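Here the numbering used here = 1-based position in the sequence shown + 1. Every residue, glycine too, gets a C-beta built ideally from N, C-alpha and C. Please read all numbers here as calculations on a predicted model, not as lab measurements. This report refers to the structure that appears directly beneath it.
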Amino acid sequence: MEQRNKYGCERNCEDIAFSFPPQHQEIQPGLEYIMEPRPVSECGDCGQKLKHKVAIITGGDSGIGRAVAYEFVKEGAAVVIVYYDEERDAKETAERIQQLGGKCLLIQGDLKDRGFAGRCAEQAIRCFGRIDILVNNHAVQFVRRSILDISQEQLELVFQNNIISFFYMIQSVLPYMKKGSTIINTASVTAYQGNKDLIDYSATKGAVVALTRSLSQSLVEQGIRVNAVAPGPIWTPLIPASFSAEEVATFGRKTSRVPMDRAGHPCEVSPCYVFLASDDSSYMTGQVMHPNGGTIVGS
Numbered sequence: 002m003e004q005r006n007k008y009g010c011e012r013n014c015e016d017i018a019f020s021f022p023p024q025h026q027e028i029q030p031g032l033e034y035i036m037e038p039r040p041v042s043e044c045g046d047c048g049q050k051l052k053h054k055v056a057i058i059t060g061g062d063s064g065i066g067r068a069v070a071y072e073f074v075k076e077g078a079a080v081v082i083v084y085y086d087e088e089r090d091a092k093e094t095a096e097r098i099q100q101l102g103g104k105c106l107l108i109q110g111d112l113k114d115r116g117f118a119g120r121c122a123e124q125a126i127r128c129f130g131r132i133d134i135l136v137n138n139h140a141v142q143f144v145r146r147s148i149l150d151i152s153q154e155q156l157e158l159v160f161q162n163n164i165i166s167f168f169y170m171i172q173s174v175l176p177y178m179k180k181g182s183t184i185i186n187t188a189s190v191t192a193y194q195g196n197k198d199l200i201d202y203s204a205t206k207g208a209v210v211a212l213t214r215s216l217s218q219s220l221v222e223q224g225i226r227v228n229a230v231a232p233g234p235i236w237t238p239l240i241p242a243s244f245s246a247e248e249v250a251t252f253g254r255k256t257s258r259v260p261m262d263r264a265g266h267p268c269e270v271s272p273c274y275v276f277l278a279s280d281d282s283s284y285m286t287g288q289v290m291h292p293n294g295g296t297i298v299g300s
């Protein structure tokens, strides 16, 4: 008989003891109905995938972060939106979340400040009482045609913002996380392909992948999963803020080596975060998802 939870769905995989008594079948590919125990075909509760959970989303005011916030709220989560100074975008995001019937806390500040990262965690706890999901999503990039054009100030800024602040946020929220919590880091296709005009940015995204893999091994015994999403060219405010008008006009086209010959939209990326935040991905940690328009990369 299949084991079922109080909602009528089958129980979470982690709740079931995996002991397989000796057994053998003489035919291929085999019959499930005679297996003991039966494979679990439905994981998690029926209905909303993130019900009662609380997520902190950095860079959640716009772009991918905003789309992730909307998806999380639709799946039952309350969200904490951390943003830098994009006041109007942040308020618009919060208004939409309220229209969706969700709960949202806006926190404005600079995540390059370790103390601010700690205050984000504290405010989330005061407001919602728990932290289940951390999405490290904020980033900056500056086009430079040569590595010789990257100043010391820019280099330090990009690394401080794009990777060191990820450490700050993880260190700040981890004491509040419990078994079943998840951390999702936003990497980039540039971590795998590189980009000749975004050398420092690409280097930080490579570091995000390494952080994800290492941290997943460190936290696996605590039952906390760590994964990443590495988007390709996605139409977000970072694009017109980074590239010239002429480059924006061809953004995501084949000149950028995108097989689908177009840029993606944030809503084409955000479902990856829902998957990684929910029990649907309960057997995944240390992995990277690649919504990138068909670009084949080493995972």
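Residue-chain proximity (residue i, chain D), Cβ-Cβ < 7 Å
{"i": "Asp86", "result": "Within the model displayed, chain D is absent; a lone protein chain is all it includes."}
When the options are compared against residue i, the one with the closest alpha-carbon
{"i": "Val83", "options": "Gln99, Leu101, Ser63 and Phe73", "result": "Ser63"}
{"i": "Gln161", "options": "Thr191, Tyr193 and Ala118", "result": "Ala118"}
{"i": "Pro232", "options": "Ser219, Tyr274 and Lys197", "result": "Tyr274"}
{"i": "Cys105", "options": "Val80, Lys92, Arg146 and Arg120", "result": "Val80"}
{"i": "Asp133", "options": "Gly287, Val289 and Ala278", "result": "Ala278"}
{"i": "Val92", "options": "Gly61, Val74 and Asp114", "result": "The amino acid occupying residue 92 in the given sequence is Lys; Val does not appear at that position. It is Gly61."}
{"i": "Thr94", "options": "Arg120, Gly66, Gly116 and Arg115", "result": "Gly66"}
{"i": "Met261", "options": "Asp280, Gln288 and Pro292", "result": "Pro292"}
{"i": "Ser173", "options": "Val289, Gln124 and Leu32", "result": "Gln124"}
{"i": "Ser189", "options": "Gly224, Ser166 and Ala229", "result": "Ala229"}
{"i": "Thr183", "options": "Leu239, Arg131 and Leu199", "result": "Arg131"}
{"i": "Gly294", "options": "Pro176, Glu247, Gln223 and Ile235", "result": "Ile235"}
{"i": "Ile200", "options": "Ile35, Pro238, Val221 and Val144", "result": "Val144"}
{"i": "Glu269", "options": "Gln223, Met290 and Phe129", "result": "Met290"}
{"i": "Ile225", "options": "Ile28, Ile126, Lys52 and Tyr284", "result": "Tyr284"}
{"i": "Asn138", "options": "Ile185, Pro30 and Ser215", "result": "Ile185"}
{"i": "Asp280", "options": "Arg39, Ile28, Gly195 and Lys54", "result": "Lys54"}
{"i": "Ile126", "options": "Ala246, Val221, Leu32 and Met178", "result": "Met178"}
{"i": "Leu220", "options": "Ala246, Ile151, Ile171 and Ser152", "result": "Ile171"}
{"i": "Tyr85", "options": "Gly103, Gly110, Gln99 and Gln29", "result": "Gly110"}
{"i": "Leu51", "options": "Ile151, Val210 and Leu135", "result": "Leu135"}
{"i": "Tyr169", "options": "Leu149, Leu32, Gly116 and Glu27", "result": "Gly116"}
Three-state secondary structure (DSSP) of residue i
{"i": "Gly265", "result": "strand"}
{"i": "Ile164", "result": "helix"}
{"i": "Leu239", "result": "coil"}
{"i": "Val83", "result": "strand"}
{"i": "Glu109", "result": "Checking the sequence shown, residue 109 turns out to be Gln, not Glu. Three-state DSSP puts Gln109 in a strand."}
{"i": "Val174", "result": "helix"}
{"i": "Leu135", "result": "strand"}
{"i": "Arg5", "result": "At Arg5 the pLDDT is 46, less than 50, meaning the model places this residue with poor confidence and gives no usable figure here."}
{"i": "Val159", "result": "helix"}
{"i": "Val275", "result": "helix"}
{"i": "Val270", "result": "coil"}
{"i": "Val41", "result": "coil"}
{"i": "Ser282", "result": "helix"}
Element boundaries [beta strand (DSSP E), containing residue i]
{"i": "Arg226", "result": "Arg226 to Val230"}
{"i": "Thr191", "result": "No beta strand (DSSP E) holds Thr191; the alpha helix (DSSP H) holding it covers Thr191 to Gln194."}
{"i": "Thr183", "result": "Thr183 to Thr187"}
Own chain residues within Cβ distance below 7 Å of residue i, not counting five before or after
{"i": "Gln49", "result": "Glu76 and Gly77"}
{"i": "Leu37", "result": "First, the amino acid is wrong: residue 37 is Glu here, not Leu. Within the same chain, Glu37 has close Cβ partners Pro22 and Gln24."}
{"i": "Arg97", "result": "Tyr71"}
{"i": "Arg146", "result": "Asp198"}
{"i": "Pro272", "result": "Glu72"}
{"i": "Val74", "result": "Val80, Ile98, Leu101 and Gly103"}
{"i": "Pro238", "result": "Ser63 and Gly64"}
{"i": "Asp90", "result": "Asp62 and Ser63"}
Whole-Å CB distance - residue i paired with residue j, under 8 Å assumed
{"i": "Val227", "j": "Ser217", "result": "4 Å"}
{"i": "Thr296", "j": "Val259", "result": "6 Å"}
{"i": "Thr59", "j": "Leu112", "result": "6 Å"}
{"i": "Ala68", "j": "Pro267", "result": "4 Å"}
{"i": "Tyr202", "j": "Gly299", "result": "That belief does not hold up - the Cβ atoms of Tyr202 and Gly299 are roughly 19 Å apart, past 8 Å."}
{"i": "Leu212", "j": "Phe276", "result": "Actually they are not in contact, since the Cβ atoms of Leu212 and Phe276 sit about 20 Å apart, beyond 8 Å."}
{"i": "Lys180", "j": "Gln142", "result": "Actually they do not touch by this definition, with Cβ atoms about 36 Å apart."}
Nonlocal neighbours in the same chain, by C-beta distance under 6 Å from residue i, ignoring five residues either side
{"i": "Asn163", "result": "Ala140 and Thr205"}
{"i": "Ala208", "result": "Ile164"}
{"i": "Lys7", "result": "Because Lys7 carries a pLDDT of 38, less than 50, the predicted location of this residue cannot be relied on, and no value is offered for it."}
{"i": "Cys121", "result": "Val83 and Ile108"}
{"i": "Arg214", "result": "Gly287"}
{"i": "Ile28", "result": "none"}
Limits of the unbroken alpha helix (DSSP H) element including residue i
{"i": "Tyr202", "result": "Ile200 to Leu220"}
{"i": "Thr59", "result": "No alpha helix (DSSP H) holds Thr59; the beta strand (DSSP E) holding it covers Val55 to Thr59."}
{"i": "Ile126", "result": "Arg115 to Phe129"}
{"i": "Ile65", "result": "Gly64 to Lys75"}
{"i": "Thr94", "result": "Glu88 to Gln100"}
{"i": "Val249", "result": "Ala246 to Ala250"}
Cβ-based neighbour list, residue i, same chain, cut-off 8 Å, excluding 5 preceding and 5 following
{"i": "Phe252", "result": "Pro234, Trp236, Ile240, Phe244 and Ala264"}
{"i": "Asn196", "result": "Tyr202 and Ser203"}
{"i": "Glu88", "result": "Gln109"}
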